[in-house]
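Numbering (the working numbering), first residue to last: 94 to 346. We put the CB at the ideal spot given by N, CA and C, even for glycine.
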Ligand code: ATP
């Protein structure tokens with residue numbers, strides 16, 4: 094069990110919504126993955142989205158990124174209706190997505206992957222890219238040590254760190270992380286969770302998708318529990334931590 098890096102009593106919940114999901118339904122052929130859900134993420138908040146396998150968590154972050162078939166409802170980001178944007182335009186608004194499964198470019202070096210993340214500054218501000226890269230090497234020193242190594246040769250934990258760093262290289266306002274802890278050793282999970290918390294301290298708004306409810310809530314201000322494509326529960330992290338379903342481990346672990 095990781096130590097809790099969050100002092101719950103110091104948390105303040107922001108008032109202003111950055112992301113507003115309203116009545117969102119997503120359907121893949123025969124499967125209705127989301128059934129009219131409402132989710133709000135406030136400026137500067139860490140919000141977790143928890144639920145079992147197949148609950149619809151990934152579908153929600155894919156929908157925000159413009160990668161899922163929305164059949165009904167709206168996703169607003171800083172007032173923009175994302176339904177009218179293409180995925181690259183959504184990224185251009187400052188929305189980063191760390192997908193499930195440590196998606197990095199395996200044949201590129203660590204530096205090459207980080208440069209890709211900063212593609213929008215690449216041509217006009219090389220110094221900025223180098224500065225951002227050094228910042229990531231401070232965040233995850235192991236990436237600095239491995240900077241010239243081919244990404245496919247990194248351990249699973251290092252690949253996850255790289256995937257997170259690559260997303261941060263675009264200087265997002267809002268970052269969504271899909272199960273960043275999955276399959277990693279407890280010490281690595283703790284390192285990644287601390288890095289996420291530090292990221293929050295820099296003012297970035299974060300949506301954390303996790304099956305591991307206890308882990309996610311230890312790091313979040315608020316949470317939503319998805320079940321069968323619907324919001325089953327929502328509340329502050331503390332409220333959710335105290336619900337019998339979470340305590341008994343019926344939802345994640
Ligand atoms: P996990 O923790 O396993 O990733 P999840 O909560 O992220 O689960 P989703 O991946 O969003 O769940 O899946 C929700 C439902 O939609 C599931 O029934 C899944 O089988 C279905 N689904 C997801 N992606 C597709 C797709 N591309 N085509 C068809 N069905 C899909």
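For this session: Determine the direct distance from the alpha carbon of residue 301 to that of residue 268, and round the result to whole angstroms.
Result: Going from the Cα of residue 268 to the Cα of residue 301 covers about 8 Å.
Exercise. Quick one, are the C-beta atoms of residue 139 and residue 258 less than 8 Å apart?
Worked result: The Cβ atoms of residue 139 and residue 258 lie no closer than 8 Å to each other.
Exercise. For the ligand ATP, is there a heavy atom less than 7 Å away from the beta-carbon of residue 253?
Worked result: Flag unset: Cβ of residue 253 not near the ligand ATP.
Exercise. Using the rule of at least 16 other Cβ atoms within 10 Å of the residue's Cβ for burial, across every protein chain shown, is residue 285 buried or exposed?
Worked result: Counting Cβ neighbours within 10 Å, residue 285 comes out buried, since at least 16 surround it.
Exercise. If we call anything under 8 Å between Cβ atoms a contact, is residue 203 one with residue 152?
Worked result: Contact: no.
Exercise. Do you know how far the Cα of residue 296 is from the Cα of residue 188?
Worked result: Going by the C-alpha atoms only, they are around 14 Å apart.
For this session: Please classify residue 96: does DSSP put it in a helix, a strand, or coil?
Result: Confidence in residue 96 is poor, its pLDDT being 41 and thus under 50, which makes the residue's placement too unreliable to answer from.
For this session: Return yes when the C-beta of residue 151 is under 7 Å from any heavy atom of the ligand ATP, and no when it is not.
Result: Within 7 Å of the C-beta of residue 151 there is at least one heavy atom belonging to the ligand ATP.
Problem set entry | Per-residue DSSP class, three states only, for residue 287 | Residue 287: helix per DSSP, three-state reduction.
Exercise. By DSSP, does residue 254 sit in helix, in strand, or in coil?
Worked result: Three-state DSSP puts residue 254 in a helix.
Problem set entry | Own chain partners of residue 265 with C-beta closer than 7 Å, once the 5 adjacent residues on each side are dropped | Within the same chain, and ignoring the five residues on either side of residue 265 in sequence, the residues whose Cβ sits closer than 7 Å to its Cβ are 187, 188, 189 and 297.
Exercise. With respect to the alpha helix (DSSP H) encompassing residue 230, which residues constitute its N-terminal and C-terminal limits?
Worked result: It spans 219 to 232 - the alpha helix (DSSP H) in which residue 230 sits, taken as one unbroken run.
Problem set entry | Near the ligand ATP: residue 147 beta-carbon under 7 Å from a heavy atom | Correct: residue 147 has its Cβ closer than 7 Å to the ligand ATP.
Problem set entry | C-beta contact flag for residue 278 and residue 250 at 8 Å | Going by beta carbons, residue 278 and residue 250 fall inside the 8 Å limit.
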